[in-house]
Amino acid sequence: MKSTIIYCLFILIAIQSFEANADCQNNSGPGWSKPGEILSVKYCLRKICRDDGTWELIQCPKIKCKTQIGKREFDRNKPFPECCQAPICAPGKMHIERANNLNAVQLFSRGKTSDCI
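Going left to right, the sequence shown walks through residues -20 to -1, 1 to 97 as mature numbering (1 follows the signal peptide of the UniProt record, and there is no 0) numbers them.
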């Protein structure tokens, strides 16, 4: 439950920062990008401008270790995915789960908010 609340807050922060730039091909303002352009953003996400003018947001992958030897802390100063918090695994002992994609068509193209509200 606690992680769900944190996840919802994270989504709300992302929505607030991108809501004004829902059309990534608008050709004006700081949110404009070319179709297919990939950008890292300050919340440690990857955002991709899709051909239909919407954003696709990709979160950090979930990394699991059979043998963990350390931990990499979250760092907003690094590009995605190096900014992501992750365990440091012993060689050959890492398992990466698929990164969660946030459907930017639903979240941003029509100015809607997520189901977290």
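All residues carry an ideal CB built from backbone N, CA and C; glycine is no exception.
Contact check, residue i vs residue j, beta carbons under 8 angstroms
i   : j   : result
C29 : P61 : no
C64 : R56 : no
Residue nearest to residue i in terms of C-alpha spacing, selected from the options
i   : options            : result
P67 : N57, K51, L25, D32 : K51
A70 : D32, L25, C24, I49 : I49
G72 : R56, C63, C45      : C45
Proximal residues to residue i (C-beta, below 7 angstroms), its chain only, five neighbours per side dropped
i   : result
C24 : C40, F54, R56, F60, C63, C64
Chain-order list of residues whose beta-carbon lies under 6 angstroms from that of residue i (same chain, five-residue window excluded)
i     : result
I76   : P41, I43
S(-4) : Note that S(-4) has pLDDT 45, beneath the 50 cutoff, so the model's placement of it is unreliable and no number is given.
Spatial neighbours of residue i in its chain, beta-carbon cut-off 8 angstroms, leaving aside the 5 residues before and after
i   : result
K58 : none
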